[in-house]
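Only one structure is covered here, and it is reproduced in the block below.
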């Protein structure tokens with residue numbers, strides 16, 4: 030399997046040239062893409078922060094959405110299994126008021142992961158495409174250290190070490206046993222997700238008349 034990590038996809042639309050994702054020309058054997066776009070800012074519902082909120086939502090949600098859309102034709106054309114890996118957040122499950130827009134953007138991406146997985150399952154030409162969602166906890170990265178308010182409050186180094194996150198995530202990716210990888214402390218936020226998934230499956234069945 031050939032792995033390629035696409036991080037910070039603010040330019041996803043620009044990369045799509047002539048209706049096809051430009052990176053495919055360079056990597057025609059690409060069969061797995063990890064969409065790891067993420068930026069986080071505090072948001073306190075004041076007009077001066079709306080521009081930042083729009084940029085944040087574009088990076089965290091719209092850019093991966095565009096990337097998925099342009100990558101799908103290529104992945105569908107492959108005769109071997111392929112994967113789309115989306116990195117959301119434990120805050121997609123339980124929101125944190127300080128960074129409300131970030132939480133909403135990651136929740137939107139999680140919703141897309143569920144719907145994309147269901148659509149592909151119903152498409153006879155897409156059965157070999159697996160949609161995997163990685164749900165991290167807080168991790169010690171520049172996601173936090175770039176936020177002046179967190180630095181000022183002495184909270185810039187919150188979260189588990191990056192190496193710990195990578196090791197646990199990669200181990201689960203290599204096992205390939207699940208389409209959802211919830212890492213470390215984020216597991217504590219997922220207790221109600223079983224019932225949500227039952228409701229989602231019930232909705233799908235009802236729509237199909239089962």
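Numbering (the numbering used here), first residue to last: 30 to 239.
Don't be surprised by glycine CBs; every beta carbon is placed ideally from N, CA and C.
These figures come from a predicted structure and were not determined experimentally.
- Around residue 170, the same chain offers 191 as residues with beta carbons nearer than 7 Å, after the five sequence neighbours per side are excluded.
- A Cβ-Cβ distance of about 5 Å is found for the pair residue 161 and residue 114, placing them in contact under the 8 Å criterion.
- Counting only residues of its own chain and dropping the five nearest sequence neighbours on each side, residue 109 has a CB closer than 8 Å to the CB of 60, 157.
- Looking at 103, 232, 238, the one whose alpha-carbon comes closest to that of residue 58 is 103.
- For residue 181, the enclosing alpha helix (DSSP H) begins and ends at 177-181.
- For the pair residue 183 and residue 197, the CB atoms are not nearer than the 8 Å cut-off.
- Of 84, 215, 56, 127, the smallest CA-CA separation from residue 107 is found for 56.
- Residue 133 and residue 154 have their C-alpha atoms some 32 Å from each other.
- Separation of residue 200 and residue 95 (C-alpha to C-alpha, rounded to the nearest whole angstrom) is 28 Å.
- With fewer than 16 other Cβ atoms from the protein chains shown falling within 10 Å of its own Cβ, residue 75 counts as exposed.
- Each residue's CA atom was taken as its position, placing residue 177 and residue 236 some 47 Å apart.
- Around the CB of residue 68, 16 or more other CB atoms lie within 10 Å, so the residue is classed as buried.
- Each residue's CA atom was taken as its position, placing residue 163 and residue 83 some 23 Å apart.
- In terms of Cβ geometry, residue 168 and residue 189 form a close pair [threshold 8 Å].
- With a 10 Å radius around the Cβ and a threshold of 16 neighbouring Cβ atoms, residue 119 comes out buried.
- Where residue 144 is concerned, the enclosing alpha helix (DSSP H) starts and stops at 129-150.
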